[in-house]
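Counting with UniProt numbering, you get residues 1 to 402 for the letters of the sequence shown. Glycine residues also receive a C-beta, built at the ideal position from the N, C-alpha and C atoms. Please read all numbers here as calculations on a predicted model, not as lab measurements. Remarks on the structure that follows.
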Amino acid sequence: MEFEFDHILIRYGELALKGKNQKHFLNKLQQNIQHKLKGFPNIKIKRTRGRMFIMLHGQDPQPIIDKCKNIFGIHSLSLAIKVSNELEQIKQAGLFALENSIQAKTFKVAVRRVDKTFPTGSQEMNQLLGAYLLKHTSGFKVDVHQPDVEINVEIRVDATYITSDVIKGAGGLPVGTSGKSLLLLSGGIDSPVAGYLMMKRGVEIEAIHFHSPPFTSDRAKQKVIDLAEKLTAFGHRLKIHVVPFTTLQQKIFQEIPESYAMTVMRRMMFRISEAVCENHQILSLTTGESLGQVASQTMESMHTINEVTNYPILRPLVAMDKQDIIKISKQIDTYDISIRPYEDCCTIFVPKAPKTKPKREKVNQFEADFAFEPFIEEAVQKIQKIVVSDEQSEDKRFDDLF
Ligand code: ATP
Ligand code: MG
C-alpha cells in the first residue's frame with residue numbers, strides 16, 4: 001500500500017472559542033488561511049467539528065506549512081493521512097507516519113475511537129498498533145510518558161486520520177477578530193513589534209507615519225513602507241497614512257519653549273491620529289512606547305500626552321525590556337530594517353533638554369496661545385495613503401487606493 005500525507009490538520013485555541021464568537025473566529029481563520037494559500041489552487045480547506053483540515057490533493061506540504069506558521073489563531077499543525085476504517089489500512093498508515101516522523105527515537109500510540117461501530121476499542125487498539133509498529137520497525141522504542149512522537153489515530157465516522165509530528169503554530173487570535181487599531185509606525189525597532197503583538201491578538205492594523213521632508217528623507221519613508229510590508233506576513237494588506245508633518249513641527253518649535261516642544265509634538269501626533277481614526281472607523285491607537293525607555297516615555301509624560309485623546313492607546317510593549325523587544329524584532333525580521341541609519345522626525349528636532357516630567361497645566365498654557373487647529377486640519381487633508389500587501393512585489397505598490 002502506498003501512503004502519503006494528504007492532509008494537514010490545523011488545531012486552534014479552543015479555549016478562546018465561546019458561543020457566538022466561535023463562528024466568527026472560525027470564519028475569519030478560514031478566510032485568512034484561504035488568503036495565504038491563494039497560490040496553491042489545488043488545496044481545499046475543510047471544517048469538521050472542532051477541527052480544520054487542509055486537503056493537499058498532491059501538493060507538497062512543506063511550503064504550505066511554512067505559510068501557515070505565520071497565521072494567528074493556529075496553535076499547532078500536523079501532517080495527516082486519511083484512510084478508511086479498516087484495521088489493515090490503519091496499521092500500515094501508522095507505520096508510514098512513524099517512519100516519516102522527524103528524528104523520533106521513542107513513540108507512543110494514542111487511539112481515539114469516535115466511531116463506536118468500529119469493532120476494536122481505543123485501549124485495545126493502542127496495544128495492537130503499538131506492538132505492530134515495534135515489530136515492523138527497528139530502532140524505535142515505546143515511551144508512554146515522554147515520547148519523541150505521538151502517533152495519533154482518530155477513528156471517525158467518515159474515515160480514520162493519522163498524525164505524528166506536532167508543528168508549533170503562531171498562536172494568538174485570527175487577525176480581524178478583534179477590531180482595528182491605528183499603529184503609530186516610526187522607523188524604529190519598537191513600533192513594528194507593537195504592531196505585530198496587536199495583530200497576534202487578532203487586531204487588524206492600519207499605520208500612520210509622521211514624515212518631515214526635507215528633514216527626513218525618502219529613504220526614511222521607504223524604511224517605514226518596508227517595515228509595514230514585513231507586517232503583512234501576518235495579515236494581508238496594510239494601509240499607511242503618511243502625514244506631512246514639517247510645517248506643524250516647525251511651528252511647534254517656534255511657538256513652544258524648547259523643553260516642551262517634544263511633548264507638544266507628541267500631543268499633535270495623537271490629535272492627528274485621532275482624526276484619522278474618526279475618518280476611518282478605527283477605535284484605538286497603538287504605539288511602541290515602553291515605560292522609562294526615553295524622556296517622552298515616563299509616567300508623567302504619558303499622562304500629559306494622553307490628555308489630548310480619549311481613544312484607548314494600546315501600548316503592548318509598555319512593560320517589556322528592550323532586549324526582549326529586539327528579540328521579537330529579529331524573529332519577525334524587522335530588526336535589520338529598523339536599524340538602517342536614516343533619521344526620523346523625532347530625532348531631527350530633538351531638544352537639548354526635553355522635560356522628562358512635563359505637566360498638563362504647563363503644556364496647556366503653552367498651547368493656549370498657539371492656534372494649531374488649522375495646521376492639524378491641513379496635515380490630515382494632505383495625508384498620502386500607501387497600501388502594501390503580501391501579494392505585491394516591490395514595484396507593484398499602489399498609492400491612494402482607498
Ligand atoms: P520606535 O522604536 O518605535 O521608534 P522609540 O523607542 O524610538 O520607538 P519614541 O521615539 O519615543 O520611541 O517613539 C515612541 C512611539 O511614538 C513609537 O513607538 C511610535 O509608536 C510613535 N512614533 C514616534 N515617531 C513616529 C513617527 N515619525 N511616525 C509615527 N509614529 C511615531
Ligand atoms: Mg523612534
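Closer than 7 Å to some heavy atom of the ligand ATP: that does not describe the Cβ of residue 86. Taking a cut-off of 8 Å on C-beta distances, the segment 151-170 does not touch the segment 288-307, as fewer than three cross pairs fall below it. For residue 326, the three-state secondary structure derived from DSSP is helix. In summary, residue 324 is exposed, with fewer than 16 beta-carbon neighbours lying within 10 Å of its beta-carbon over all protein chains present.
In this structure, 221 is the residue among 130, 247, 221 with its C-alpha nearest to the C-alpha of residue 240.
Per DSSP, residue 132 is not a residue of any beta strand (DSSP E); the alpha helix (DSSP H) it occupies stretches across 122-136. Pairwise C-beta distances place the segment 83-102 out of contact with the segment 46-65, as fewer than three of them are shorter than 8 Å.
Contact check for residue 379 and residue 243: beta-carbon distance about 5 Å, within the 8 Å limit, so the pair qualifies. Scanning the segment 143-182 from its first residue to its last, the whole beta strand (DSSP E) runs of 3-plus residues come out as 149-155, 160-163.
In its chain, beyond the 5 residues on either side, 28, 204 have a beta carbon closer than 6 Å to the beta carbon of residue 176.
Remark: the C-beta of residue 336 is outside contact range of the ligand ATP, defined as less than 7 Å to any heavy atom. For residue 267, the CB contacts under 6 Å within the same chain, skipping 5 residues up- and downstream, are 305, 308 in chain order. By the C-beta density criterion, residue 302 is buried, having at least 16 other C-beta atoms within 10 angstroms.
Contact between residue 12 and residue 52 holds: CB atoms are separated by about 7 Å, below the 8 Å threshold.
For residue 244, DSSP records a beta bridge to 211. Here DSSP, grouped into helix, strand and coil, assigns residue 267 to helix. Beta-carbon to beta-carbon, residue 213 and residue 246 are separated by about 6 Å, close enough to satisfy the 8 Å threshold. 322 is the residue among 322, 116, 187 whose C-alpha sits nearest the C-alpha of residue 294. Residue 186 counts as buried, since no fewer than 16 other beta carbons sit within 10 angstroms of its beta carbon. Secondary structure at residue 12: strand, using DSSP grouped into helix, strand and coil. Assignment of residue 291 by DSSP, reduced to helix, strand and coil, places it in the coil class.
The residues 289, 290, 291, in chain order, have a CB closer than 7 Å to that of residue 318 in the same chain once the five nearest residues on each side in sequence are set aside. Separation of residue 361 and residue 265 (C-alpha to C-alpha, rounded to the nearest whole angstrom) is 16 Å. Note that the C-beta distance between residue 259 and residue 354 is below 8 Å.
Residue 164 places its beta carbon less than 8 Å from that of residue 97. If you ignore the 5 residues before and after residue 153, its C-beta comes within less than 6 Å of the C-beta of 111, 162, all in its own chain and listed in chain order.
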